[in-house]
Structure formats: C-alpha cells, structure tokens
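S.K.: Dumping the structure here so I can ask a few things about it.
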Amino acid sequence: MVESMQETLEVESCIKRYPWLIQMVTSKLFHELCDQHINKKRCYFCCDCMIPPLCDQCYKRNEHKDHTTIQTYRSSYQSGVRKEAISKFMDTCGIHTYSINSFAIIYINQRRENGNNHRHRNNVTRKCQVCEWELDAASSALFCSIECKFRNTLGSQLDELMENSSSEDVEPVKKKRKHIGGKGFHVDLH
Numbered sequence: 055m056v057e058s059m060q061e062t063l064e065v066e067s068c069i070k071r072y073p074w075l076i077q078m079v080t081s082k083l084f085h086e087l088c089d090q091h092i093n094k095k096r097c098y099f100c101c102d103c104m105i106p107p108l109c110d111q112c113y114k115r116n117e118h119k120d121h122t123t124i125q126t127y128r129s130s131y132q133s134g135v136r137k138e139a140i141s142k143f144m145d146t147c148g149i150h151t152y153s154i155n156s157f158a159i160i161y162i163n164q165r166r167e168n169g170n171n172h173r174h175r176n177n178v179t180r181k182c183q184v185c186e187w188e189l190d191a192a193s194s195a196l197f198c199s200i201e202c203k204f205r206n207t208l209g210s211q212l213d214e215l216m217e218n219s220s221s222e223d224v225e226p227v228k229k230k231r232k233h234i235g236g237k238g239f240h241v242d243l244h
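Numbering of the sequence shown is given in this note's numbering, commencing with residue 55 and proceeding in unit increments.
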C-alpha cells in the first residue's frame with residue numbers, strides 16, 4: 055500500500071512538472087500525414103508548445119529550435135519513444151522495453167486497443183497489468199506502455215486529465231488513392 059501510494063505521488067508529481075506527458079499520451083496524430091507538408095508524417099512532439107505532433111519539416115522551423123522535442127518511432131502500428139529520451143522526464147521502471155533497430159523504445163499508448171485480441175492468450179505468464187497485453191516471459195515489466203503505467207497509478211483520474219488536456223483540432227490527412235486499371239492495384243498519390 056505504501057509503495058502504491060509513493061508511486062501515485064511520483065506519477066502525479068511527474069505530470070505536474072511535465073504536463074505535456076498527458077498531451078503526448080492523448081495524441082492520436084503520431085505518424086499521420088502533416089496537413090502542411092502532405093507527404094511528411096508527424097513524428098516529433100514539442101514538449102514546450104504542447105501542440106499536435108509535427109513532421110520533420112515543421113520541426114525544423116525556427117520556432118521549435120530551442121524547444122524540448124521528442125521523436126517518436128513507429129513499430130507494429132504503434133508509436134513509441136526512445137527510452138533514454140523519455141527517461142529524462144519520467145520513471146520508466148515497470149514499462150516493457152522493446153528493441154527497434156537496436157534502440158530501446160517504450161510505447162506511448164496501450165498496446166491492446168478496442169478489443170484487439172492480438173497477443174491476448176490466457177496461457178501467457180506475463181501480461182500488462184492494465185490491458186493484459188502479452189509481455190515477454192523473461193521481462194520483469196508490469197506495463198506495456200506509458201499510458202498503462204499512468205492508468206494503473208491514476209485510474210479514472212487519467213481519463214479526466216486526458217479529457218481536460220487541450221484537444222487536437224487537427225484532423226489526420228488521408229492519403230489520396232487512385233485506382234489504376236487491373237484488380238486491386240492502387241497507387242498512393244502524395
């Protein structure tokens with residue numbers, strides 16, 4: 055109980071010091087196409103501005119030059135951040151670490167969304183304590199993502215914080231597809 059209380063205080067303190075963490079967890083625009091640079095995907099988060107994610111062109115503009123930014127990576131249809139980058143701002147203890155192109159990353163959002171049963175088997179020995187995503191048996195991790203760690207510690211308070219964080223008023227840009235003769239052949243137009 056004391057350990058749980060201390061963990062709650064640590065997470066709450068972390069969120070108060072770095073309110074952008076909630077904005078980052080809330081964002082659904084990572085790796086969507088930028089509305090200003092139509093062929094670029096949003097893979098940077100500006101911690102100072104707390105605006106929707108930026109593509110590399112928006113990121114390189116002078117207005118973000120001296121800001122704290124975190125680059126996101128895409129793997130298994132999920133967005134993650136380098137563990138060494140996010141560890142400067144929060145305790146990543148208990149969050150499963152994945153290796154992507156030889157970099158240690160942790161996922162931002164819970165791995166199991168909307169009833170997605172991928173890697174959700176009953177005979178698995180290690181599961182995320184929140185969403186029950188299968189974790190590596192050799193891992194001592196308790197959570198599959200930053201969101202799950204926050205959700206475990208804060209419970210419904212996380213939902214309130216996420217609701218109260220400024221909402222993204224930017225719609226993802228959809229790729230235009232053109233059907234070119236033949237069966238099922240499509241070309242992405244940028």
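Where a beta carbon is used, it is the ideal one built from N, C-alpha and C, also for glycine. Every value quoted in this text rests on a predicted model; they were computed, and no experiment measured them.
1. If you run the structure through DSSP and keep just helix, strand and coil, what is ARG205?
2. Just how far apart, CA to CA, sit THR62 and LYS137?
3. Would DSSP call ALA195 helix, strand or coil?
4. Return helix, strand or coil for VAL65, following the three-state DSSP convention.
5. What are the boundary residues of the alpha helix (DSSP H) that includes VAL184?
6. Tell me whether the beta-carbon of ILE105 lies closer than 7 Å to the beta-carbon of TYR127.
7. Do ARG96 and VAL75 have their beta-carbon atoms positioned less than 7 Å apart in this structure?
8. Kindly indicate which three-state DSSP category THR123 falls into: helix, strand or coil?
9. Just the C-alpha distance for GLN211 and HIS121, rounded to the nearest angstrom, thanks.
10. Report yes or no: is there a C-beta of chain B within less than 7 Å of the C-beta of LEU63?
11. Give me the Cα-Cα distance between HIS150 and ASP213, rounded to the nearest whole angstrom.
12. What are the boundary residues of the alpha helix (DSSP H) that includes CYS100?
13. With TYR161 as the anchor, note down where its beta strand (DSSP E) starts and where it stops.
14. Taking a contact to mean a Cβ-Cβ separation below 7 Å, would you say PHE197 touches GLY148 in this structure?
15. Would you tell me roughly how many angstroms separate the C-alpha atoms of CYS109 and HIS85, rounded to the nearest one?
16. To which residues of the same chain is SER67 closer than 6 Å at the C-beta, ignoring the five residues directly before and after it?
M.R.: Reading from the atomic positions:
1. In this structure, DSSP gives ARG205 a helical state, which the three-state scheme calls helix.
2. Cα-Cα distance, rounded: 21 Å.
3. Judged by DSSP in its simplified three-state form, ALA195 adopts coil rather than helix or strand.
4. Of the three classes helix, strand and coil, the one that applies to VAL65 here is helix, per DSSP.
5. No alpha helix (DSSP H) holds VAL184; DSSP gives it neither H nor E.
6. Not in contact: ILE105 and TYR127 (Cβ atoms no closer than 7 Å).
7. Per the sequence presented here, residue 75 reads as Leu, with Val not at that position. In this structure, ARG96 does not lie closer than 7 Å to LEU75 by Cβ.
8. Here THR123 sits in strand by DSSP.
9. Going from the Cα of GLN211 to the Cα of HIS121 covers about 28 Å.
10. No chain B appears in the structure shown, which is made up of a single protein chain.
11. Rounded to the nearest angstrom, the gap between the Cα atoms of HIS150 and ASP213 is 22 Å.
12. It is not in any alpha helix (DSSP H) - CYS100 instead sits in the beta strand (DSSP E) that spans 96-100.
13. Residues 157-161.
14. In contact: PHE197 and GLY148 (Cβ atoms closer than 7 Å).
15. Distance between the alpha carbons of CYS109 and HIS85: 8 Å.
16. There are no such residues.
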